[in-house]
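**Student:** So that we are looking at the same thing, I have put the structure below in structure tokens.
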Amino acid sequence: MRLSATDLACRRGGRDVFAGVSFSVASGESLTIRGRNGAGKSSLLRMVVGLVRVAGGRLALEGGDPELTVGEQAHYLGHLDALKPALSVEENLRFWSAFLGTIVSDLSEPLRAVGLDALADLPAAYLSAGQRRRLSIARLLAVKRPLWLLDEPTSTLDAAAQTRLGEIMHAHLAGGGIILAATHSALPFENARELRLDRSSPSPLVGEGRGAGSRGDAQPSTQLLTTPTRNPSPQEGGEQKAT
Amino acid sequence: MRPLAAILVRDMRIAVRVGGGALMGVLFFLVVVTLVPFALGPDLALLKRIGPAILWLAALLASLLALDRLFAADHDDGSLDLILMGRAPLEIVVAAKGLAHWLTTTLPLVIAAPLIGLFLNLDAPAAGALVLTLLVGTPALTFIGLIGAAIAVTLRRGGLLLAVLVLPLTVPVLIFGVAAANAAVVGPIPFGTPFTILCALTLASLVVGPFAAAAALRQEME
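Chain order of the listed sequences is A and B. To convert, take the position in the first sequence, counting from 1, and add 13; that gives this note's numbering. To convert, take the position in the second sequence, counting from 1, and add 603; that gives this note's numbering.
Here it is as structure tokens:
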């Protein structure tokens, strides 16, 4: 199985977010998407699952089920946890596994994997932010899907939970899965490949965050003359693939 | 079918839990209908004559009460993203959510209507006819309301927009619902004529509502 993108472009609200993004990820591989705030990391993930329209380029999943769209074979872990506070931990997970199409008789296994098995009957309203995150990660374990798209998966997780997430992701890759993760923090992978979205448009906020890699290309002199952030030329965007 | 049953069960469960809107519809209905005799005075003949219209108006407002959060709640917590990505057809998911809403919010109101009708001097045959028209007509209100709920999904003050958008569309249902109920109470037209048209309106809205709402949701995700 191979997820490949050629010259992807994204337009949101009449503004070019990125253009010319190409990558290719095969079974057992992961790709970390990096970039400053607003570079389009989340938009790229949402584009892969079909929640944002592809403004240009091509996106294909080879070796998948031809009857299904890419999004239907993917798990998307977004900023929001998609949990209902009125339902218990187990009811939330049971709903999503039923909706996503698997009869799971025993949900204690995925709950134990994220360390929430003791809280199965607690309403989700009483969970902390990190526990909510862990519950949505349990969804990825309850329903098997080859492609995982993770948007800031480690945010709100404590050190132990981050390590646990690393193990879960390793196990998924070892089982032939594909992971695309957008993150600012380091993910626990030795040989993770990276995709940088922020080569274009030298941002005034370039010192912020972990966008250190892009700083070499930014030309400080142009910032004095005008504001180049308004109109990043699409030709300059993207075409990045690093190892 | 499993995803749809899951949606139906989940929405009904949320509605009957703490903070859900299940009994709000009945309570709102009760309050509105109770206010009418206070405003009009104890003229029993007048109340009997306008009773079906009052009950229908109150049912219309009550059934729209909790509708603005139907998709907005799923949008705010990220569930709507996963629903849109899912393998289940969005139109059917929307219909399942509409059905769950009708079962938890509007059906209790229909059941309570004969009791509340006592405030308006409704006798037994009239109450029976009224319940029948409400039972057949209120699904149309909910499913027309789905369209407004879907359009208002990303708006903060969606409830008001929902009412402005949806209430004009419910006029035919209101006309034939009240006409059928009145026909049973005072005559002279036969009950069957407006009642059949009411059934037709409901059947049409059961089809049109989910498709229009799903189209609005897809459009808005951009």
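Every residue gets a Cβ at the ideal spot worked out from N, C-alpha and C, and that includes glycine. All values reported here derive from a predicted model rather than from experimental measurement.
Expressed to the nearest angstrom, what Euclidean distance is found between the alpha-carbon atoms of A/R15 and A/H183?
**Tutor:** In the first sequence, counting from the first residue as 1, residue 15 of chain A sits at position 2. In the first sequence, counting from the first residue as 1, residue 183 of chain A sits at position 170. So the two alpha carbons sit approximately 18 angstroms from each other.
**Student:** For A/S198, count neighbouring C-beta atoms within 10 Å of its own C-beta (all shown protein chains included) and say buried if the count is 16 or more, exposed if not.
**Tutor:** Position 185 of the first sequence, counting from 1, holds the residue named residue 198 of chain A. Exposed.
**Student:** Hey, is B/R672's beta-carbon within less than 8 angstroms of any beta-carbon in chain A?
**Tutor:** Your numbering for residue 672 of chain B matches position 69 in the second sequence. No, B/R672 does not count as interfacial toward chain A.
**Student:** What residues in its chain sit with their C-beta under 7 angstroms from that of B/R672, if we drop five residues either side in the sequence?
**Tutor:** Here residue 672 of chain B refers to the residue found at position 69 when the second sequence is read from its first residue. Excluding residues within five positions, none has a Cβ falling inside 7 angstroms.
**Student:** I'd like to know if B/G689 contacts chain A, where contact means its C-beta is closer than 8 angstroms to some C-beta of that chain.
**Tutor:** By 1-based counting over the second sequence, the position of residue 689 of chain B is 86. So, interface residue.
**Student:** Below 9 angstroms on C-beta distance, what does A/E85 contact in chain B?
**Tutor:** The residue labelled residue 85 of chain A in the question sits at position 72 within the first sequence. Going along chain B in sequence order, the residues near A/E85 (Cβ under 9 angstroms) are M688, G689 and R690.
**Student:** Given a cut-off of 8 angstroms on the beta-carbon distance, is the pair A/G70 and A/D134 in contact?
**Tutor:** For the purposes of this step, residue 70 of chain A is taken as residue 57 along the first sequence, with counting starting at 1. For the purposes of this step, residue 134 of chain A is taken as residue 121 along the first sequence, with counting starting at 1. Contact flag unset, no.
**Student:** Would you list the residues sitting across from A/W161 in a DSSP beta bridge?
**Tutor:** Taking the first sequence and counting its residues from 1, the one referred to as residue 161 of chain A is at position 148. Answer is A/H88 and A/I192, bridged to A/W161.
**Student:** Within the chosen definition, does the stretch 52–72 of chain A reach the stretch 155–165 of chain A through at least 3 CB pairs nearer than 8 angstroms?
**Tutor:** yes
**Student:** If you count every other CB in all the chains shown that lies within 10 Å of the CB of A/R59, and 16 or more means buried, which is it?
**Tutor:** In the first sequence, the residue the question calls residue 59 of chain A occupies position 46. Its Cβ being crowded by 16 or more others within 10 Å, A/R59 is buried.
**Student:** Just the Cα atoms here: how many angstroms apart are B/G751 and B/L768?
**Tutor:** The residue labelled residue 751 of chain B in the question sits at position 148 within the second sequence. The residue labelled residue 768 of chain B in the question sits at position 165 within the second sequence. Each residue's alpha carbon lies about 6 angstroms from the other.
**Student:** Excluding the 5 residues preceding and the 5 following B/L706 in the sequence, name in chain order all residues of the same chain whose CB lies nearer than 7 angstroms to its CB.
**Tutor:** What you label residue 706 of chain B is simply residue 103 of the second sequence in a count that begins at 1. Taken in chain order, the residues that qualify are M615.
**Student:** For B/L758 and B/V619, I'd like the C-alpha separation in whole angstroms.
**Tutor:** Within the second sequence, numbered from 1, the residue matching residue 758 of chain B stands at position 155. Within the second sequence, numbered from 1, the residue matching residue 619 of chain B stands at position 16. Going from the Cα of B/L758 to the Cα of B/V619 covers about 25 angstroms.
**Student:** For the alpha helix (DSSP H) that contains B/T637, what are its first and last residues?
**Tutor:** Taking the first residue of the second sequence as position 1, residue 637 of chain B is located at position 34. Taken as a continuous stretch (DSSP letters only), the alpha helix (DSSP H) holding B/T637 covers M627 to L643.
**Student:** Can you pull out the residues from the stretch 70–82 of chain A whose beta carbon lies closer than 9 angstroms to at least one beta carbon of chain B?
**Tutor:** L81 and T82
**Student:** Taking CB distances under 8 angstroms as the criterion, tell me whether A/A111 reaches chain B.
**Tutor:** The count along the first sequence starts at 1 and reaches residue 111 of chain A at position 98. By this cut-off, A/A111 is an interface position.
**Student:** Let me make sure I understand the geometry here. Which of B/A753, B/A729 and B/P793 has the alpha-carbon closest to that of B/I653?
**Tutor:** For this step, residue 653 of chain B is matched to residue 50 along the second sequence. When only C-alpha atoms are compared, the closest one is B/A729.
**Student:** Please state whether the Cβ-Cβ distance between A/V156 and A/T115 is less than 8 angstroms.
**Tutor:** Looking up residue 156 of chain A in the first sequence gives position 143. Looking up residue 115 of chain A in the first sequence gives position 102. Contact: yes.
**Student:** Since A/L140 contacts A/L148 with CB under 8 angstroms, what's their CB separation in whole angstroms?
**Tutor:** To locate residue 140 of chain A, count along the first sequence from 1; it is residue 127. To locate residue 148 of chain A, count along the first sequence from 1; it is residue 135. A/L140 to A/L148, Cβ: 7 angstroms. Contact.
**Student:** Could you give the DSSP three-state label for B/I792: helix, strand or coil?
**Tutor:** For the purposes of this step, residue 792 of chain B is identified with residue 189 of the second sequence, where counting begins at 1. Here B/I792 sits in coil by DSSP.
**Student:** So, are the CB atoms of B/A784 and B/P793 less than 8 angstroms apart?
**Tutor:** Residue 784 of chain B sits at position 181 when you count from the first residue of the second sequence. Residue 793 of chain B sits at position 190 when you count from the first residue of the second sequence. Contact: no.
**Student:** Which ranges does the beta strand (DSSP E) cover as unbroken runs of at least 3 residues, wholly within the stretch 111–188 of chain A, from first to last along the chain?
**Tutor:** Scanning the stretch 111–188 of chain A for uninterrupted beta strand (DSSP E) segments of 3 residues or longer gives 160–164, listed from N- to C-terminal end.
**Student:** Going by Cα to Cα distance, which pick from B/L735, B/G681, B/V697 and B/I800 is closest to B/G748?
**Tutor:** Mapped onto the second sequence, residue 748 of chain B falls at position 145. If we check each option's Cα against that of B/G748, B/V697 comes out closest.
**Student:** Beta-carbon of B/G681 versus every beta-carbon of chain A: anything under 8 angstroms?
**Tutor:** For this step, residue 681 of chain B is matched to residue 78 along the second sequence. Answer yes: the Cβ-Cβ gap between B/G681 and chain A drops below 8 angstroms somewhere.
**Student:** Can you find a CB in chain A that lies within less than 8 angstroms of the CB of B/I695?
**Tutor:** The residue given as residue 695 of chain B occupies position 92 in the second sequence. Not an interface residue.
**Student:** Provide the residue span of the beta strand (DSSP E) that contains A/V34, from first to last.
**Tutor:** The count along the first sequence starts at 1 and reaches residue 34 of chain A at position 21. Unbroken beta strand (DSSP E) run through A/V34: R28 to A39.
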